[in-house]
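Once you know that position 33 of the sequence shown is 20 in the working numbering, the rest is easy, because the numbers rise by one and skip nothing. Note that the Cβ used here is the ideal one computed from N, Cα and C, for glycine as well.
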Amino acid sequence: MNGLATVYLTGFGLVLIWALFYFGIRPYRLDLVRHKLFVLRDELFMFAADGGISFDDPAYFKLRSRINALIRYAHTINLVRLLILVTHKDFEKNPAFARAQREWEAARNSAPAGAREKINEINNRVAMTLA
-12 MNGLATVYLT GFGLVLIWAL FYFGIRPYRL DLVRHKLFVL RDELFMFAAD GGISFDDPAY
48 FKLRSRINAL IRYAHTINLV RLLILVTHKD FEKNPAFARA QREWEAARNS APAGAREKIN
108 EINNRVAMTL A
């Protein structure tokens, strides 16, 4: 009977650890990522409001749209999907992805020099937040 009790207690402990992660740590991490993305989006807005870049500039619009999409779909981002995205290079052959990437680079490069540096900084911080 001692072996059976050990199996039950081990199973119960594993279920408790899973519940703690799934219902405690995971929602906290999701809220933390979304909060950091909101802060970065607010920083981008304040940069535009202070005259650093025009609200109509394509670089501002594309970066703001990217941050909004990440806020909306942050719950779908996980380690496995991130590893697949980083290691799987076939997505670059996708015409829609290639077009979006070219548009982003063109918009970023057409921004004024000071604005380009700030936009690159915010974009890098967005990527680091996701990582």
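Assuming residue i and residue j make a contact with CB atoms under 8 Å, what is their CB distance in whole Å?
i	j	result
R28	R51	6 Å
L57	L117	7 Å
W91	K49	5 Å
By alpha-carbon positions, which one of the options ends up nearest to residue i?
i	options	result
S97	V(-6), K80, I4 and D44	D44
R103	F34, T63, H62 and Y60	F34
R95	P82, I109 and L(-4)	I109
N55	A36, F32, L69 and F84	F32
A61	N81, R13 and G39	R13
How should residue i be labelled, buried or exposed, when 16 other C-beta atoms within 10 angstroms of its C-beta is the threshold for buried?
i	result
Y47	buried
V(-6)	exposed
K105	buried
Just how far apart, CA to CA, sit residue i and residue j?
i	j	result
L(-9)	F(-1)	12 Å
L66	T74	12 Å
E30	L72	27 Å
S41	R53	17 Å
D18	I64	13 Å
G101	F84	27 Å
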